[in-house]
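Numbering-wise, the sequence shown is residues -17 to -1, 1 to 311 according to mature numbering (1 follows the signal peptide of the UniProt record, and there is no 0).
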Amino acid sequence: MIPVFGIVLEWMQLLLPLAVENGVCIITNMGANDPFGARDEVLRLASGLGISITVGLAHQVAVVRSDLEEHLKHVDVYELGWNWDDLHLLAQGSLAGHLLECGCQLTGGYYMHPGDKYRDISLQDLLDLSLPFAEVSFDGKVCVAKAESSGGVLNPCTCAEQLLYEVGNPSSYITPDVVVDFQDVSFQTLSSSKVLCAGAKPSASAPNNLLLLASKDKGWKGWGEISYGGYQCVKRAKAADFLVRSWMEEVYPGISKHIVSYIIGLDSLKAVSIDEDLPRDSQDIRLRMDGLFENKEQAIHFTKEFIALYTNGPAGGGGIRSYSYHLL
């Protein structure tokens, strides 16, 4: 959990003094699977900053609509006074949350495309993107915005692109609170840093069933990479692939079917094994092999066989990297 705590503390070092000064409550899931440890680290940080705060946490709880209806008949949605039956308001609120979910993707991140006149934003704009925020009113009016004169780009195009991001069916976007129809959503520029978002509506109330995210043992992953360049480099990469697979087969017959290979710079974006019909004109490539194995021993053995390419493989290979780890 140290890397997660590192992220928590990096953000809190900056945000806590500002939040206390402005009376802002911070709600976050940055504690990952150890919220108690994250709480203790944040309290320790606050003490070092000379700040007095209270940290609450929710652990292994899920507040669902049925519980609220049973125990708190007249509870309103936090902050805005909405009721859980105000489906149109919940749809607009879900729209705001969906647009903000991936942060700077709304303000130009993952958007720039040189040569496309609609998306060819300047490198200067991309250099220091501004995190967006939402202004949501009691009547469901939603505006997304970024700080005035800050970096990045916020316009109907960036909003429309983000609206469809990770949406399987725009007419039925399922959330725990309401199923949303995004088909009639529109965006209107109010200024260079603010866009009005309207038109989200409910297609159904809260779903009866929700997905549960649970870990599952998927075995062991082993992978390796090596670079080849110059004359016939693709043939050398294919020879390396053949050797590693053959060495693995000598110890674990039939295991080659658990390994996928591709050549970065030639066919890696296809996510398929090496194709015999691909062109051979590349002069700078990198072989990548991934194996999904039943146990740790097989994964470790794979990484060892891959490293053997340095001394037992084709000429001119370099920059080997390999690793194995447990998949959950």
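For every residue, glycine included, the Cβ atom is placed at its ideal position computed from N, Cα and C. These figures come from a predicted structure and were not determined experimentally.
Contact set for Ala220: own chain, Cβ-Cβ below 7 Å, skip 5 residues either direction: As a position in the sequence shown, residue 220 is number 237, starting the count at 1. These residues qualify, in order along the chain: Tyr211, Ile246, Ile268, Leu270.
Nearest residue (CA-CA) to Arg102, options Cys126, Gly301, Cys140, His241: Position 119 of the sequence shown, counted from the first residue, corresponds to residue 102. Checked all of Cys126, Gly301, Cys140, His241; the closest Cα to Arg102 is Cys140.
One or two residues paired with Asp273 in a DSSP bridge: Within the sequence shown, the letter at position 290 stands for residue 273. Trp206, Val243, per the DSSP bridge assignment.
Backbone CA spacing between Phe170 and Pro97 [nearest angstrom]: Counting from one through the sequence shown, the residue named residue 170 turns up at place 187. Counting from one through the sequence shown, the residue named residue 97 turns up at place 114. Cα to Cα, Phe170 sits roughly 24 Å from Pro97.
Range of the contiguous beta strand (DSSP E) that encloses Ser304: In the sequence shown, the residue the question calls residue 304 occupies position 321. One detail in the question is off: residue 304 reads as Arg in this sequence, not Ser. Start and end: 301 to 309.
Own chain residues within Cβ distance below 8 Å of Leu(-3), not counting five before or after: Counting from 1 along the sequence shown, the entry for residue -3 is found at position 15. These residues qualify, in order along the chain: Ile9.
Touching by the beta-carbon criterion (3+ pairs, under 8 Å), the stretch 148 to 163 and the stretch 71 to 90: Verdict: yes, contact present.
Touching by the beta-carbon criterion (3+ pairs, under 8 Å), the stretch 118 to 138 and the stretch 171 to 191: Yes, the stretch 118 to 138 touches the stretch 171 to 191.
Span separating the alpha-carbon of Arg22 from that of Val38: On the sequence shown, residue 22 is found 39 positions in, with the first residue counted as 1. On the sequence shown, residue 38 is found 55 positions in, with the first residue counted as 1. Here the C-alpha atom of Arg22 lies approximately 6 Å from the C-alpha atom of Val38.
The stretch 272 to 285 / the stretch 190 to 206 touching (three or more Cβ pairs under 8 Å): By the criterion of at least three beta-carbon pairs nearer than 8 Å, the stretch 272 to 285 is in contact with the stretch 190 to 206.
Helix, strand or coil at Trp67 [DSSP, three-state]: Along the sequence shown, read from residue 1 onward, the residue named residue 67 stands at position 84. In the displayed model, Trp67 falls within coil according to three-state DSSP, outside both helix and strand.
Cα-Cα separation, Gly76 to Leu28: For the purposes of this step, residue 76 is taken as the residue at position 93 of the sequence shown. For the purposes of this step, residue 28 is taken as the residue at position 45 of the sequence shown. Put simply, the backbone Cα of Gly76 is about 33 Å away from that of Leu28.
Within 8 Å, strictly: CB atoms of residue 312 and Pro185: This structure leaves residue 312 out entirely; the chain is present only between -17 and 311.
Beta-carbon gap between His309 and Val234 smaller than 8 Å: Position 326 of the sequence shown, counted from the first residue, corresponds to residue 309. Position 251 of the sequence shown, counted from the first residue, corresponds to residue 234. The Cβ-Cβ distance between His309 and Val234 does not fall below 8 Å.
Cβ-Cβ separation, Leu292 to Gly299 (assumed contact under 8 Å), whole Å: On the sequence shown, residue 299 is found 316 positions in, with the first residue counted as 1. On the sequence shown, residue 292 is found 309 positions in, with the first residue counted as 1. That belief does not hold up - the Cβ atoms of Gly299 and Leu292 are roughly 11 Å apart, past 8 Å.
Beta-carbon gap between Cys216 and Gln166 smaller than 8 Å: What you label residue 216 is simply residue 233 of the sequence shown in a count that begins at 1. What you label residue 166 is simply residue 183 of the sequence shown in a count that begins at 1. No, these two residues do not count as a Cβ contact at 8 Å.
Close-in-space but distant-in-sequence residues of the same chain around Pro297 (CB under 6 Å, 5 per side omitted): Taking the first residue of the sequence shown as position 1, residue 297 is located at position 314. Only residues of its own chain outside the window of five on either side were considered, and among them Arg219, Ala222, Ala223 have a CB closer than 6 Å to the CB of Pro297, listed in chain order.
Where Val162 falls: helix, strand or coil (DSSP): Here residue 162 corresponds to residue number 179 of the sequence shown, with the count starting at 1. Strand.
Backbone CA spacing between Val228 and Ala2 [nearest angstrom]: As a working note, residue 228 is residue 245 in the sequence shown. As a working note, residue 2 is residue 19 in the sequence shown. A small correction: the amino acid at residue 228 is Arg; Val does not occupy that position in the sequence shown. Between Arg228 and Ala2, the C-alpha separation is close to 56 Å.
Under 8 Å between C-beta atoms of Thr90 and Leu63: Position 107 of the sequence shown, counting from 1, holds the residue named residue 90. Position 80 of the sequence shown, counting from 1, holds the residue named residue 63. Taking 8 Å as the Cβ cut-off, Thr90 and Leu63 do not qualify as a contacting pair.
Proximity below 8 Å, CB of Val127 to CB of Pro115: Numbered from its first residue, the sequence shown carries residue 127 at position 144. Numbered from its first residue, the sequence shown carries residue 115 at position 132. For the 8 Å CB-CB criterion, Val127 and Pro115 form a contact.
Reference Leu108; option with closest CA among Gln88, Val7, Val119: Within the sequence shown, numbered from 1, the residue matching residue 108 stands at position 125. First, the residue type needs correcting, since residue 108 is Asp and not Leu in the sequence shown. Looking at the Cα atoms, Gln88 is the closest of the given residues.
Distance, Leu275 Cα to residue 373 Cα: The first residue shown for the chain is -17 and the last is 311, placing residue 373 beyond what the model contains.
Bridge partner(s) assigned by DSSP for Gln171: Numbered from its first residue, the sequence shown carries residue 171 at position 188. Per DSSP, the beta-bridge partners of Gln171 are Leu179.
Complete runs of the alpha helix (DSSP H) confined to the stretch 76 to 131 [at least 4 residues]: Listed in chain order, the complete alpha helix (DSSP H) runs (minimum 4 residues) inside the stretch 76 to 131 are 106 to 110.
For Tyr211, three-class secondary structure by DSSP: By 1-based counting over the sequence shown, the position of residue 211 is 228. Tyr211: strand per DSSP, three-state reduction.
Distance CB(Ser239)-CB(Met272) smaller than 8 Å: For this step, residue 239 is matched to residue 256 along the sequence shown. For this step, residue 272 is matched to residue 289 along the sequence shown. Here Ser239 is not near Met272, since their CB atoms are 8 Å or more apart.
Sequence-distant residues of the same chain with beta carbon closer than 8 Å to Ile303, five excluded per side: For this step, residue 303 is matched to residue 320 along the sequence shown. The residues are Gly207, Glu208, Ile209, Phe289, Ile290, Leu292, Tyr293.
Within 8 Å, strictly: CB atoms of Val168 and Leu146: By 1-based counting over the sequence shown, the position of residue 168 is 185. By 1-based counting over the sequence shown, the position of residue 146 is 163. A Cβ-Cβ contact shorter than 8 Å links Val168 with Leu146.
Ile242 to Asp250 span [Cα, whole Å]: Start at 1 with the first residue of the sequence shown, and residue 242 comes out as number 259. Start at 1 with the first residue of the sequence shown, and residue 250 comes out as number 267. Roughly 16 Å between the two C-alpha positions.
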